[in-house]
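There are 2 protein chains.
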Amino acid sequence: MQENKQRIAIDMDDVMADASGRFVEWIAERHGVTIGREELCTELLNKAGIPYEKIREWLWEEGFFRHMQPLPDSKEVMKELVKKYEVFIVSAAIEFPQSLREKVEWLAEHFPFIDWRYIVLCGHKYIIQADYLIDDHEKNLISFTGKPIVFTAPHNIHLKGFERVNNWAEIGNKFL
Amino acid sequence: MQENKQRIAIDMDDVMADASGRFVEWIAERHGVTIGREELCTELLNKAGIPYEKIREWLWEEGFFRHMQPLPDSKEVMKELVKKYEVFIVSAAIEFPQSLREKVEWLAEHFPFIDWRYIVLCGHKYIIQADYLIDDHEKNLISFTGKPIVFTAPHNIHLKGFERVNNWAEIGNKFL
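Chains D and G, in that order, are what the protein sequence lines are.
Adding 19 to a residue's 1-based position in the first sequence gives its number in the working numbering.
Adding 19 to a residue's 1-based position in the second sequence gives its number in the working numbering.
Written as structure tokens, this is what we have:
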């Protein structure tokens with residue numbers, strides 16, 4: 020335990036890794052349709068003839084998680100964050116068993132300075148003991164016992180009641 | 020959150036799954052040497068001509084975790100435990116990326132009544148918020164913020180200072 024440091028739990032998909040961008044990429048490749056990430060909602064996808072249930076199946080496909088892009092500035096800010104805070108990466112990935120190894124390998128590739136001991140792959144995140152949680156999903160933020168911070172993603176722009184960061188530069192401004 | 024229930028975190032290897040038995044099995048198969056599980060220590064293994072560093076490599080081999088046997092009475096007691104408590108399975112498995120999927124599949128096979136949301140694959144366990152932790156390793160027990168309980172395994176028989184359970188029948192007696 021790093022007694023003298025505050026602990027920050029940080030989500031992966033749509034916080035560190037560009038999961039929305041990955042959907043946009045596969046929709047273009049597989050359906051030949053170019054959409055913006057703000058159009059990634061059930062209603063607009065259905066309108067474009069791409070059923071949400073169909074693209075959700077990609078979450079169980081080999082390689083979907085492995086080749087996401089890190090979000091802008093995430094590497095640079097994270098590198099400083101781990102010096103000042105005890106950072107844990109916390110991803111609710113158990114639902115997708117093929118993703119588990121991919122996520123550990125993705126972190127080793129893009130964030131090699133994060134030791135494996137600080138990675139948590141789980142389901143319910145309310146079991147995590149930390150001072151802060153940066154996450155894009157209301158269900159994780161609402162049950163967190165520390166201070167929750169919402170990271171802006173297409174599906175949470177209307178979410179109220181949480182402190183918000185829009186990008187990694189803002190995480191840097193707040194914590195560094 | 021199951022507000023009205025106490026929360027128990029339970030380790031996998033050498034608590035739910037017979038990891039020691041798996042080593043004994045592979046030593047017999049690969050080295051043609053029959054040893055008891057109480058002989059699974061560096062000194063005795065070296066004496067038997069089986070270097071510890073060599074067999075530790077098995078932890079990174081496909082299939083090592085997937086085909087362990089559940090420990091006696093674990094299924095029956097666990098089935099009752101999840102009714103009365105909020106049980107999380109917590110395994111420090113991130114070090115072995117190939118084991119992650121195997122562990123989720125192993126739990127689905129032997130403990131199908133445990134929902135994926137209650138599985139945690141991690142490194143440091145001190146991030147886990149629970150009332151109890153049942154584990155075989157001192158490093159996990161000593162930093163736990165709830166009540167630690169040591170589960171007897173060959174490598175912890177001399178460990179003092181923790182409440183101890185020797186088997187799943189004793190877990191049942193204590194908690195049910």
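The C-beta atom is built at its ideal place from N, Cα and C for all residues, glycine as well.
This structure is a prediction, so every number in the text was calculated from the model and none was measured.
Worksheet item: Residues in its own chain within less than 6 Å of A28(D) by CB, not counting five upstream and five downstream?
Response: F107, V109, I147, A149, L152
Discussion item. DSSP three-state label for F115(G), please.
Written reply: coil
Fill in: Anticipated Cβ contact below 8 Å, L14(D) with F42(D), distance rounded
With chain D covering 20 to 195 only, the question about residue 14(D) has no answer from this structure.
Worksheet item: What are the residues that DSSP puts in a beta bridge with V169(D)?
Response: D154(D), R183(D)
Worksheet item: Using the C-alpha atoms, what's the distance from W135(G) back to D134(D)?
Response: 25 Å
Worksheet item: Taking the C-alpha atoms as reference points, what is the distance between K158(D) and M31(D)?
Response: 15 Å
Worksheet item: Would a check of beta-carbon distances place R75(D) closer than 8 Å to chain G?
Response: no
Item to complete: Can you check the stretch 64-127 of chain G for any alpha helix (DSSP H) of at least 4 residues that lies completely inside it and give the ranges in chain order?
Response: 71-75, 93-103
Discussion item. Measuring alpha carbon to alpha carbon, tell me which residue in F115(D), P91(D), G51(D), A112(D) is nearest G68(D).
Written reply: G51(D)
Practice prompt. Would you kindly work out how many angstroms separate the C-alpha atoms of K103(D) and I46(G), rounded to a whole number?
Written response: 45 Å
Fill in: Proximity of E105(D) and Q21(D) at Cβ, strictly below 8 Å
yes
Fill in: DSSP-derived helix/strand/coil call for L140(G)
strand
Item to complete: Compute the beta-carbon to beta-carbon distance between Q117(D) and W77(D), rounded to the nearest angstrom, for a pair I have assumed lies under 8 Å.
Response: Q117(D) to W77(D), Cβ: 11 Å. No contact.
Item to complete: Alpha carbon to alpha carbon, how far is A112(G) from A38(D)? Give it in angstroms, no decimals.
Response: 24 Å
Worksheet entry | Partner residues on chain D for S162(G), Cβ-Cβ distance less than 9 Å | M20
Discussion item. Give me the residue from P173(D), V123(D), R183(D), R75(D) with the minimum Cα distance to P167(D).
Written reply: R183(D)
Worksheet item: Residues in its own chain within less than 6 Å of R26(D) by CB, not counting five upstream and five downstream?
Response: E105, A149, D150
Discussion item. For F170(G), count the other beta carbons within 10 Å of its own beta carbon; 16 or more makes it buried, fewer makes it exposed. Which is it?
Written reply: buried
Discussion item. Between H174(D) and chain G, is any beta-carbon pair separated by less than 8 Å?
Written reply: no
Worksheet item: Taking Cβ to Cβ, would you say R75(D) is nearer than 8 Å to P173(D)?
Response: no
Worksheet item: Comparing the C-beta of A38(D) with each C-beta of chain G, is any distance below 8 Å?
Response: no
Discussion item. Counting only beta-carbon separations shorter than 8 Å, does P131(G) have a partner in chain D?
Written reply: no
Fill in: G70(D) classed as buried or exposed, judged by whether at least 16 other C-beta atoms fall within 10 angstroms
Looking at the sequence shown, residue 70(D) is not Gly but Pro. So P70(D) counts as exposed.
Discussion item. Within 8 Å of any Cβ in chain G, is that where the Cβ of L119(D) sits?
Written reply: yes
Worksheet item: Would H143(D) count as contacting chain G if we go by Cβ distances under 8 Å?
Response: yes
Discussion item. Comparing C-alpha positions only, which one of V101(D), K144(D), H143(D), L119(D) sits nearest to F130(D)?
Written reply: V101(D)
Worksheet item: For P116(G) and chain D, any beta-carbon pair shorter than 8 Å?
Response: yes
Practice prompt. Please decide whether L100(G) counts as near chain D, where near means a Cβ-Cβ distance under 8 Å.
Written response: no
Practice prompt. Could you work out which residues of chain D lie near Y137(G), taking near to mean beta carbons separated by less than 8 Å?
Written response: G142, H143
Item to complete: Show which residues of chain D have a CB atom less than 8 Å away from the CB atom of V123(G).
Response: I113, P116, L119
Worksheet entry | 8 Å Cβ cutoff, F83(D) in contact with chain G | no
Practice prompt. Could you name the residues of the same chain whose beta carbon sits closer than 6 Å to that of A36(G), not counting the 5 residues immediately before and after it, in chain order?
Written response: M87
Discussion item. So, for G191(G): in the same chain, excluding its five sequence neighbours on each side, which residues have a beta-carbon less than 6 Å away from its beta-carbon?
Written reply: V96
Worksheet item: Going along chain G, which residues have a C-beta under 8 Å from A149(D)?
Response: I146
Item to complete: Name, in chain order, the residues that DSSP records as bridge partners for I27(G).
Response: V106(G), Y151(G)
Discussion item. Using only the alpha-carbon positions, how far apart do E81(G) and Y137(G) sit?
Written reply: 24 Å
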